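**Student:** Pasting a structure below so you can have a look.
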Amino acid sequence: MAWLLDTNVLVNAKRDYYGFEFCPGFWDWLDIAWADGRVASVEAVYDELVDYGDQLSDWAVITVRSSSRRVQPR
Numbered sequence: 636m637a638w639l640l641d642t643n644v645l646v647n648a649k650r651d652y653y654g655f656e657f658c659p660g661f662w663d664w665l666d667i668a669w670a671d672g673r674v675a676s677v678e679a680v681y682d683e684l685v686d687y688g689d690q691l692s693d694w695a696v697i698t699v700r701s702s703s704r705r706v707q708p709r
């Protein structure tokens, strides 16, 4: 079973609990979970994230764009 993440999950994680400098292990785990197919998201989430122009945008470009774990809406 894969977890389907929405934008607010990632934004709130970065902003409130798991900042990239404060908790890099969370983002390392998320990279692995994404690559293993345990975590995915929809194309619209990627589109939102890349517009922020911050570390989360960079993460989305590197991790999300390079994977096939984006679900196309019907």
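So for the sequence shown, our numbering puts the first residue at 636; every next one is plus one.
C-beta atoms are modelled at their ideal positions from N, C-alpha and C, and glycine is treated no differently.
Here the structure is a predicted model, which is why all the values come from computation and not from measurement.
#1: Would Leu684 and Ala695 qualify as a contact pair, given that the criterion is a beta-carbon distance under 7 Å?
#2: In terms of residue numbering, what span does the beta strand (DSSP E) encompassing Ala675 cover?
#3: Is it buried or exposed, Leu645, if we count other Cβ atoms within 10 angstroms and call 16 or more buried?
#4: Nearest to Asn647 by CA position, among Ala670, Leu691 and Ile697, is which residue?
#5: Look at the alpha carbon of Arg671 and the alpha carbon of Arg700, and state the distance between them as a whole number of angstroms.
**Tutor:** Reading it off the structure:
#1: Residue numbering aside, residue 684 sits at position 49 when the sequence shown is read from its first letter. Residue numbering aside, residue 695 sits at position 60 when the sequence shown is read from its first letter. Judged by beta-carbon spacing, Ala695 lies within the 7 Å limit of Leu684, meaning their Cβ atoms are closer than that value.
#2: One-based indexing of the sequence shown puts residue 675 at position 40. Where Ala675 is concerned, the enclosing beta strand (DSSP E) stretches over Val674 to Val677.
#3: Counting from 1 along the sequence shown, the entry for residue 645 is found at position 10. Buried, by the Cβ-count rule.
#4: Position 12 of the sequence shown, counted from the start, is the residue given in the question as residue 647. Distance check between Asn647 and each of Ala670, Leu691 and Ile697 places Leu691 closest, using alpha-carbon atoms only.
#5: Within the sequence shown, the letter at position 36 stands for residue 671. Within the sequence shown, the letter at position 65 stands for residue 700. Sequence inspection shows Asp at residue 671; the Arg mentioned does not correspond to that position. The alpha-carbon atoms of Asp671 and Arg700 are separated by roughly 15 Å.
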